[in-house]
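Here the structure is laid out as structure tokens; the discussion comes afterwards.
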Amino acid sequence: MKYILALLIIYSIIIGQTQPAKKDSLQTSKKTSQELNEDLRNEINELKKLRESLQQKLQNELRELYVIRYGQEDGTKVAMGQVWTGMTEEMMRDSWGVPDSITVNNQNWGKYSQWYYGEITYFFKDGYLFEWESEENSNK
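Counting from 6, one number per residue, gives the positions in the sequence shown under our numbering.
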């Protein structure tokens, strides 16, 4: 009986000592995880800043390219995404990107094309924009 009692006392002492060690290990793991999360947040923020900087640089470089290609006034309009009567198909593509779809009709009196961007349709005659409409305005 004394032997069993001694074993129980030794067992409780051993268990009592391992519990704090396990708790310390978990606290250390938690702290390490928190530090890692903070490092990752900082890295993400740095990458966001870099992305914004690169986007601004790209926008400036494209503006310069469009000014060289189309002249100061038209190049600035293209870089700003503006649309105006008389702009070319190339200007439209540079300004708004590739359209969702294009329909081309060749007639004796000229080449007509319709460029579709979402709900807006742009009408070109012989490569120059002469009109546009949106579904919202055409249904009224």
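Cβ atoms here follow ideal geometry from the backbone N, Cα and C, with glycine treated the same way. Model, not experiment: these values are computed from the prediction.
Annotation: the continuous alpha helix (DSSP H) that includes residue 81 extends over 77 to 84. Residue 47 sits in a helix when the DSSP states are folded into three classes. Across the set 123, 71 and 136, the C-alpha of 136 shows the shortest separation from the C-alpha of residue 117.
When 35, 101, 51 and 36 are compared, the shortest CA-CA separation from residue 126 is found for 101. Taking C-beta atoms under 8 Å as the contact rule, residue 96 and residue 121 fail to qualify, at a distance of about 17 Å. Three or more beta-carbon pairs drawn from the stretch 55 to 68 and the stretch 78 to 92 are found closer than 8 Å, and the two stretches are therefore classed as touching. DSSP places residue 72 in the helix class (H, G or I) of the three-state scheme. Excluding its 5 nearest sequence neighbours in each direction, residue 11 has no C-beta neighbour in its own chain below 6 Å. Within the stretch 82 to 140, the runs of beta strand (DSSP E) that reach at least 3 residues and sit entirely inside it are, in chain order, 106 to 112, 115 to 122, 125 to 130 and 133 to 139. In terms of Cα proximity to residue 134, the closest of 119, 56 and 141 is 119. Contact check for residue 94 against residue 132 passes: the beta carbons are separated by less than 8 Å.
Between residue 124 and residue 139 the beta-carbon gap is near 5 Å, inside 8 Å, which marks them as a contact.
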